[in-house]
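Input: a single structure, listed below in structure tokens.
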Amino acid sequence: MTIRRAVALLCLSVPACLSEAPAPPTNDPLQRLTEFRQQHRKTIDGRLCAAAFVQDNQTYTDCTDARSPDGTSGREWCYVEVQLLGKGPKDWNYCSRPINYSKLRAKAQEVFDVKAIQSNNLMARLDAEAAKIEDMIRRFTATCGAAHSSMSQNLNQIDGLLSRSQHCLKKMEEASAKIGLIEATIDDVKDDIDRDMKRAIMNKKNCSLVRGYEDEPFADGVRGAYYNNPTFTGAPSAFRTDSALDLVFSGKGPVEGVSSNSFSVRWEAFLEAPRSGMYTFIVESDCGVRMFLGDEPIIIDRMPTPVSGDAISENPVPVIPTKEKTGMMRTESVMMELVGGQKYRIRVEVVHSNHLKYLNPNSATIRLLWRHGEGGEEVIPSSHYLTGNARPPVKFSGLNPKQFDLGFFSDGERAFADSDQYFLADVPLRYEGRRFLRTLAEPNMEAFSVEVNIPATIYIASPIDEGIPVAPEESSAWKVHDTDEIVSVLFGVTGMGRALESRAMRIRFIALRERGKLSFKLRQKGVPFLIFAEEKKNAALSCGGEEEVLSLVAGNAYADCSASSEESDVYGCAAGLNGRHMDQPNGTWRTLGGNGVGEWMAIKFRKQVQITHFRFKPRDEAVNWPSEITLSYSEEGDEDSEVFPIRHTSDIERNTYKLARPVITDYVRAEITEMFVNGEDSGGSFEFLGSSCTTTEEADDAQAAIPRIMVETCDATVESIPEILPLEEGDQIVAVCPQHCVKSLEGSAYGTGVYAPGSTLCTAGVHAGICDGTETACEILVTIGGPKSAFKGTRNHGVASSPSGPTDASVKLSRAPCHMPSAAPIKYFISFGEHVAPEGWNADDGSIKQSHDGIVYGWWREAPTKSCSGHNLSHLSSRGVSFPVPIGSQRCPLGADCAPNFWSVVLPEDGTYRLVAQVAGPCDGSTGGHVYLQANGISLASGQLVPSGSSYGAIAAIPVRDHVITLTSSCTTEKCPDTSTTILNIELEKISDEVA
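Residue numbers (mature numbering (1 follows the signal peptide of the UniProt record, and there is no 0)): -19 to -1, 1 to 977.
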């Protein structure tokens, strides 16, 4: 029986322990209050009595049997502690009997004394037994000696080894049997995969191998990095994709390997707005939370205020103590405008630490909601989260299949849906491979409409000697713009392989800024036309955040401006954008020419911006006021122009206008299209408001542009680093301080927040809280600032800085942005005619297009392999795969394969690729042959004679727009060979993101 249990039994057996006599009266209220606090009197429902309370103008410091609030008396009662008010049915209750701790302690002491006596008796008995055992050991040692003990130990070890060996042998036998079963199962699974792959390839409903086919991006959740600490330090312990941010972590950690006591999570995703409008984001959480939209922090709750770069940084984030808010909190962002269908990059960071929480310390809740339009708020559905920002390919829908057909805009492609006699030729290289919508050779429909799934440029080609045969219907106000480019349509083929007729068609385009429907009506039936499209190249990764004046001269977004006319330099377009809004020199724009109608001002931005509003301040004289302004967003002018009636006032606040929808662009033009009084000059000043957009390229380029300098001596300053001298305001470097420099604290720091140039970089980094010596290297972003008259000295993070000044320059320190390694180059090596390729190469055995180790390539239909031999051929050139006899031959040789076939490879990115190809003739061992090879329409071999036993190497830069390179072997000359071309191997490497 333990002492604690004895004490408990003693209390149960002595009723007197549960009550005590009332305390003797005293005249000292403080003494009574102190004694009462020691007793911790409680009510019968377990709530703590107040230390003092007043009833009927009488002050009590203990339970009282005076008249209670319900009018009864004779039973002790009290009011509850003030923190417990409202926690029960009433704010008072009857008191429980007090515990007499003095009697309890006395009884416990008696039990302790009894147990002590018993313990002493047991110890005496144990000492006697120990003496007996020691005597027995002494006699055993004298009789048997140490040899017996050693032998016994050896025998025990041998028994143990034998036992473990038998166990291991048994386990090995069991594992061997399992391995056999597993091998058989693996073989069965491989057979099933091969069988399913063949079925999938032959399935007509499987479009994955069809040229140009791409799946639409789908909502797949938000990617979370889970850290086993509350500061995002080190590498994440786990990654998980959550369908939405509506999570409760309770009991155990959020994921395997992460403690429930303290953790941090960083979620990243792209959020697709369902429709355009004003949105408010709401976070409900009992933890510290930060939310970024693009590069802008929009919600901060119980976490440090972010600094520049935190929206993409992987740096640790310190925990800040919570002063008042420890429970569930609701935080809302400001209202912001989002565009329907646009994807916005978001980051949500959550920090949980149980020592910072008073309620529910071992649970954590995070819920992300939004509110938009007239609808109420809701948890953001999982259907709007995407882990990537992939753009879908251009797709047409809503068409009559009897009048239209789909294809690709390339030389040799069929031109019309209802005829095999017309072919495309002279396709400009920049349009090669575009999505093509074939129409009838002689269109006879009254009208038609087409749905386009993404913003795109729609091209229309029609006979150069005719006007454009289509016009917009009333419901579709698009505009067509001319180009100087021509495509040819060939008709028929003579016996010599020449076209019977050639017709030139001029290419025009329609700029479609948003996905949707285009409606056409035919102006003239029977006039042919071609339609093809390419997606809008929108590099904007994410837009949104705080609204700013984008057009402000010398602002972050402004690049340049131009105007149709300017009265003088001091009344130029820049004067109308500098924010002064005054009808005086360098305060407004004035036109020159006597008539304001048709005058315009255009602004170019440094990067993509999202415009939501504009403001206009006319000149002082009312005769110069415009009554209508039209905005357009491309230098050619486009169908998305928006017309704004201008109020008859000079108040800029009343002349503030919201665009029908936010527009992402790098150009805007404001044209005066009507005046209140015609025949007068005009002008005024503008402000275009919105937010900047960030791009992947900008983030990567900005980071790559900052030089990284390894600190070699621990006392290095910016004045001792030649790469940054001379010091100029705005210059930046990343200084990498080794761990031993951070710990040694050599040199001195001068200043606080902003430091003097003579400060030791690593020591100043510790003073600024950037470096703490826990990492192998500390990376500091060093920014050179302007002159400063004085630097204040303080003591921070264990380092004392000294005052100094003045200096001609200053130094600002911050955490360096995350250093991301460059992506691995895209490079493929493929050997043809082989089942197994050499190391570092992939093999192509002439099979139908399928995936090979993650690379999708192959033939449109199965192609024959050839064995090539010759003293000029290497091992990689000893086998190949043959193309059919080139298209265009006047006759097909007996036994030759003349059915069309091509080879293609799917690439992960568009851009320009270097293609090196090695080809040979027919490899039949007799004579050589003329070789023909094209890649995406670009000729690599055009009839070169290759002797038997030799090969021909060709190299070319191939533009890729649809993630595909297609190899064909065709001949367009009058005399084409009767022999086929054999491809031996190719090398592919991406050399540029640009598409020529």
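The beta-carbon is built from N, C-alpha and C at its ideal position, and this holds for glycine as well.
By alpha-carbon distance to Leu612, the top candidate from Glu447, Glu529, Ala583, Glu693 is Ala583.
Contact between Tyr809 and Leu969 holds, with the beta-carbon distance rounding to 4 Å and staying under 8 Å. Excluding its 5 nearest sequence neighbours in each direction, Pro928 has C-beta neighbours in its own chain below 7 Å: Gly909, listed in chain order.
Judged by beta-carbon spacing, Ala485 lies within the 7 Å limit of Ile467, meaning their Cβ atoms are closer than that value. In the structure shown, Phe813 adopts extended strand secondary structure according to DSSP, grouped into three states. For the 7 Å CB-CB criterion, Thr368 and Glu313 do not form a contact. Under the DSSP assignment, His721 falls in the alpha helix (DSSP H) whose first and last residues are 720 to 725. Contact between the segment 547 to 562 and the segment 496 to 503 is absent: fewer than three C-beta pairs spanning the two stretches fall below 8 Å.
Pairing Gly924 with Ile491, the inter-Cα distance amounts to about 40 Å.
Sorting Ala938, Gln713, Val862 by C-alpha distance to the C-alpha of Ile761 places Gln713 at the top.
DSSP, read as helix, strand or coil, puts Thr744 in helix.
The alpha-carbon separation between Arg372 and Val649 amounts to approximately 25 Å. Taking the Cα positions, Glu529 is about 45 Å away from Asn917. For the pair Val717 and Val332, the Cα-to-Cα distance works out to about 28 Å. In the structure shown, Cys149 falls within a helical segment according to DSSP collapsed to helix, strand and coil.
Rounded to the nearest whole angstrom, the C-alpha separation of Ala216 and Cys752 is 17 Å. If you draw a straight line from the Cα of Trp884 to the Cα of Lys830, it is about 8 Å long. By the Cβ criterion, the segment 450 to 464 is not in contact with the segment 416 to 423, since fewer than three pairs of Cβ atoms, one from each stretch, lie closer than 8 Å.
It is roughly 16 Å from the alpha-carbon of Ile653 to the alpha-carbon of Thr630.
Per DSSP, His21 lies in no beta strand (DSSP E) and is assigned neither H nor E. In this structure the segment 273 to 288 does not lie against the segment 199 to 214, because fewer than three pairs of beta carbons, one per stretch, are closer than 8 Å.
In the structure shown, Met486 falls within a strand segment according to DSSP collapsed to helix, strand and coil. Per DSSP, Ser608 is one residue of the beta strand (DSSP E) stretching across 607 to 613. Annotation: the continuous beta strand (DSSP E) that includes Ile441 extends over 437 to 444. Arg494 and Ile435 do not touch by the CB rule: their CB atoms are close to 11 Å apart, not below 8 Å. DSSP assignment within the segment 533 to 612 yields the following whole beta strand (DSSP E) runs of 3 residues or more, N-terminal first: 539 to 544, 581 to 598. The C-alpha of Thr960 lies about 6 Å from the C-alpha of Pro903.
For Ala345, the enclosing beta strand (DSSP E) stretches over residues 344 to 353.
Contact between the segment 338 to 347 and the segment 382 to 399 is not established, with fewer than three Cβ pairs separated by less than 8 Å. Annotation: the continuous beta strand (DSSP E) that includes Ser863 extends over 860 to 863. Secondary structure at Leu888: coil, using DSSP grouped into helix, strand and coil.
Comparing alpha-carbon positions, the option among Pro889, Met117, Glu249, Gly575 lying closest to Leu274 turns out to be Glu249. For Cys759, the enclosing beta strand (DSSP E) covers residues 758 to 766. In the three-state scheme derived from DSSP, where H, G and I count as helix and E and B as strand, Asp173 is classed as helix. One thing to note: Thr222 has its Cβ no nearer than 7 Å to the Cβ of Pro297. Thr569 is positioned such that its CB atom lies no closer than 7 Å to that of Gly577.
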